[in-house]
Amino acid sequence: MEKEFESGLLETAVNEFAKLPGIGRKTALRLVLYLLRQNEEVATQFGEAIIRLRKEIRYCTECHNISEHDVCPICSNPLRDKSTICVVENVKDVMSIENTHQHSGVYHVLGGLIAPMDGVGPQDIEIDSLVSRVAAGGVKEVILALSATMEGDTTNFYIFRRLAPYPDVKITMLARGVSVGNEIEYTDELTLGRSIINRTLFSESFPKQ
């Protein structure tokens with residue numbers, strides 16, 4: 014049984030830090046003690062930054078990427094190719110692909126993957142809004158840049174079926190330079206960049222009859 018701290022304030026702060034992913038109580042304690050050693054201004058700025066982030070951040074009305082405005086900088090950039098939409102699972106994947114400098118189009122952030130075992134269905138992620146973007150016209154290619162996992166493949170296939178009524182839209186996927194089982198955010202930039210350049214038609218991924 015873990016010993017409680019003598020200070021209730023310290024205990025509360027450690028408990029809050031320990032709620033963060035990948036942060037255990039020992040690490041949480043180190044972080045809290047670090048903040049206590051800093052000037053009060055440093056701790057205040059840290060706290061205010063978190064509060065502002067939570068209160069002021071919003072999601073792009075077009076692609077669902079995080080943004081400080083209704084439309085994110087990528088979607089509002091006139092130099093981006095609006096006819097090419099790269100579909101990703103989350104915001105971290107947008108950052109990973111942007112770091113490769115190999116995608117000049119826009120994005121669509123699903124906010125998750127279809128995972129029936131976890132109770133996540135198509136209605137729980139942003140697939141309907143993707144279909145609406147395609148249905149509105151002007152889209153020539155949809156790149157499925159999802160992780161090479163069972164959930165990623167399931168989501169790829171579902172999106173492919175939903176976009177079947179739009180035969181003029183090319184559906185592609187990342188080349189399998191991204192190893193099976195790998196998540197996009199953990200793939201190195203060179204491999205990810207090559208996978209984007211060498212993307213293939215999604216229909217070619219089906220087993221040959």
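Sequential numbering of the sequence shown, starting at 14, is according to my numbering.
Backbone N, C-alpha and C define an ideal beta-carbon position, used for all residues, glycine too.
The structure presented is a predicted model; accordingly, all values stated were derived computationally and were not measured.
For residue i, which beta-bridge partners are listed by DSSP?
| i | result |
| --- | --- |
| residue 72 | 79 |
| residue 155 | 98 and 184 |
| residue 214 | 185 |
Just checking my contact of residue i with residue j at CB under 8 Å: how many whole Å lie between their CB atoms?
| i | j | result |
| --- | --- | --- |
| residue 101 | residue 123 | 7 Å |
| residue 117 | residue 205 | The Cβ separation is near 15 Å, so there is no contact. |
| residue 213 | residue 185 | 6 Å |
| residue 59 | residue 66 | Actually they do not touch by this definition, with Cβ atoms about 11 Å apart. |
| residue 70 | residue 79 | 6 Å |
| residue 45 | residue 26 | 5 Å |
| residue 82 | residue 139 | Not a contact, Cβ separation roughly 19 Å. |
Does the beta-carbon distance from residue i to residue j come in below 9 Å?
| i | j | result |
| --- | --- | --- |
| residue 121 | residue 98 | yes |
| residue 133 | residue 176 | no |
| residue 126 | residue 157 | no |
| residue 56 | residue 41 | no |
| residue 96 | residue 154 | yes |
| residue 237 | residue 147 | For residue 237 there is no data in the structure shown, the boundaries of the chain being 14 and 222. |
| residue 164 | residue 128 | yes |
On the criterion of 16 or more Cβ atoms from any shown chain inside 10 Å, does residue i qualify as buried, or is it exposed?
| i | result |
| --- | --- |
| residue 106 | buried |
| residue 20 | exposed |
| residue 208 | buried |
| residue 14 | Note that residue 14 scores a pLDDT of 39, beneath 50, so its modelled location is shaky; the value from the coordinates is reported in the next line. It counts as exposed. |
| residue 172 | buried |
| residue 217 | exposed |
| residue 149 | exposed |
| residue 103 | buried |
| residue 192 | Summary for residue 192: the model assigns pLDDT 49, below 50, so the residue's position carries little reliability; its value from the coordinates is reported in the next sentence. Looking at its Cβ environment, which holds fewer than 16 other Cβ atoms inside 10 Å, residue 192 is exposed. |
| residue 194 | Only weak support exists for where residue 194 lies, its pLDDT of 42 falling under 50; the value from the coordinates is given anyway. Classification of residue 194: exposed, given that the 10 Å Cβ count is below 16. |
Please decide whether residue i counts as near chain B, where near means a Cβ-Cβ distance under 9 Å.
| i | result |
| --- | --- |
| residue 139 | Absent from the structure is chain B; it holds one protein chain and no more. |
Task: alpha helix (DSSP H) runs wholly inside the stretch 89-153, at least 4 long, in chain order - done: 104-111 and 141-148
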